[in-house]
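Chemist: This is the structure I have questions about; it appears just below.
Numbering (this note's numbering), first residue to last: 492 to 748.
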């Protein structure tokens, strides 16, 4: 179990801010000199830290008989503070999603060198999937992952892929958008994945014809997998290629039920 000081640091407080807050908790409603003593930090520096904590809403200043005193949030107040932070982050996530185009436009001006890598055989397909998982595990901000695939092809190359839910999916941060071919194993895949949140699916109907390759798009990379007679794949690292695919994907997404 984490200590209170560790939790405060996870909330974004510096080590000294956490010490001052805990010092104020121990001291109760007290002058800054008492808080400084409990925190073990020089009083002249504590004045600055108190101002920072007041701005964050963790400390309040009260004047009592002409003497300025400091009071920390109690346990309930700290829980409410965490709740506000959570709501603020959720709102920030929505705003960040809205600004995706602007953010990517900033990146588009950077000089790029296209990188293309080839992968052969079943082990090559596994290597591509492993790289995608490794890249996504590192992300600490919300992201979107786009895929176009056939469950039947994946199952044929990687037996147990459906039953064991071995497709690329993470519960947190990810929003996964799937365009899936209408094939015999589609119902089984939908059944196995129905409880996974933030995974959105649309079906590519049989009458449209089946795509010859599976496609996976994340960050500045896109992978094309040939899952037929001789499995193979490529990973292309290029922002412009990714941006073009995402534009196409979103257009197709809007036209599918």
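Backbone N, C-alpha and C define an ideal beta-carbon position, used for all residues, glycine too.
Whose C-alpha, out of 555, 617, 531 and 503, is nearest the C-alpha of residue 522?
Modeler: As a first step, residue 522 must be located in the chain shown, where it is residue number 31. When each option's Cα is compared against that of residue 522, the closest is 555.
Chemist: Near residue 510, what residues of its chain come up, given a Cβ to Cβ distance below 8 Å and the 5 sequence neighbours on each side ignored?
Modeler: Position 19 of the chain shown, counting from 1, holds the residue named residue 510. The residues are 496, 530, 531 and 532.
Chemist: For residue 501 and residue 718, what's the separation of their Cα atoms in angstroms?
Modeler: To locate residue 501, count along the chain shown from 1; it is residue 10. To locate residue 718, count along the chain shown from 1; it is residue 227. Going by the C-alpha atoms only, they are around 44 Å apart.
Chemist: Helix, strand or coil for residue 724? Go by DSSP, reduced to three states.
Modeler: Position 233 of the chain shown, counted from the start, is the residue given in the question as residue 724. Correct three-state label for residue 724: strand.
Chemist: Thinking residue 548 and residue 722 are a contact (beta carbons under 8 Å), I'd like their distance in whole angstroms, please.
Modeler: As a working mapping, residue 548 is identified with position 57 in the chain shown. As a working mapping, residue 722 is identified with position 231 in the chain shown. Actually they are not in contact, since the Cβ atoms of residue 548 and residue 722 sit about 56 Å apart, beyond 8 Å.
Chemist: Starting from the Cα of residue 728, find the closest Cα among 688, 708 and 744 and give me that residue.
Modeler: Residue mapping note: residue 728 aligns to position 237 of the chain shown, counting from 1. It is 708 whose Cα lies nearest to the Cα of residue 728.
Chemist: Taking only the alpha-carbon atoms, compute the straight-line gap between residue 670 and residue 662 and give it to the nearest angstrom.
Modeler: By one-based count along the chain shown, residue 670 stands at place 179. By one-based count along the chain shown, residue 662 stands at place 171. Roughly 19 Å between the two C-alpha positions.
Chemist: Could you check if residue 731 is buried or exposed, using at least 16 other CB atoms within 10 Å of its CB as the buried criterion?
Modeler: By 1-based counting over the chain shown, the position of residue 731 is 240. Counting Cβ neighbours within 10 Å, residue 731 comes out exposed, since fewer than 16 surround it.
Chemist: Using DSSP bridges, identify the partner residues of residue 621.
Modeler: As a first step, residue 621 must be located in the chain shown, where it is residue number 130. For residue 621, which the question treats as bridged, DSSP gives no partner whatsoever.
Chemist: Give every residue of the same chain whose Cβ lies closer than 8 Å to the Cβ of residue 559, excluding the five residues on either side of it in the sequence, and list them in chain order.
Modeler: Within the chain shown, the letter at position 68 stands for residue 559. Closer than 8 Å at the Cβ level, and outside the excluded window around residue 559, lie 522, 523, 552 and 553.
Chemist: Quick one: using the 10 Å Cβ neighbour count with 16 as the cut-off for buried, is residue 705 buried or exposed?
Modeler: Position 214 of the chain shown holds residue 705. With 16 or more other Cβ atoms within 10 Å, it is buried.
Chemist: Would you list, in sequence order, the uninterrupted alpha helix (DSSP H) runs of no fewer than 4 residues that lie entirely inside the stretch 532 to 575?
Modeler: If we require 4 residues or more, the alpha helix (DSSP H) runs fully inside the stretch 532 to 575 come out as 534 to 546.
Chemist: Can you name the start and end residues of the alpha helix (DSSP H) that residue 474 belongs to?
Modeler: The structure shown does not extend to residue 474, since the chain is modelled only from 492 through 748, so no value can be given for it.
Chemist: From residue 664 to residue 674, what does the alpha carbon distance come to, in whole angstroms?
Modeler: By 1-based counting over the chain shown, the position of residue 664 is 173. By 1-based counting over the chain shown, the position of residue 674 is 183. Cα-Cα distance, rounded: 29 Å.
Chemist: Taking the alpha helix (DSSP H) that residue 739 falls in, what are its first and last residues?
Modeler: Locating residue 739 in the chain shown gives position 248, counting from the first residue. Note, residue 739: alpha helix (DSSP H), 730 to 746.
Chemist: For residue 698, which option in 672, 594 and 612 has the closest C-alpha, if you only look at C-alpha atoms?
Modeler: Counting from one through the chain shown, the residue named residue 698 turns up at place 207. With distances taken between Cα atoms, residue 698 lies closest to 672.
Chemist: Going straight from the alpha carbon of residue 627 to that of residue 576, what length do you get?
Modeler: Here the question's residue 627 lines up with position 136 in the chain shown. Here the question's residue 576 lines up with position 85 in the chain shown. Rounded to whole angstroms, residue 627 to residue 576 spans 24 Å at the Cα level.
Chemist: Does the Cβ of residue 738 have 16 or more other Cβ atoms within 10 Å, making it buried, or fewer, making it exposed?
Modeler: The count along the chain shown starts at 1 and reaches residue 738 at position 247. Residue 738 should be labelled exposed.
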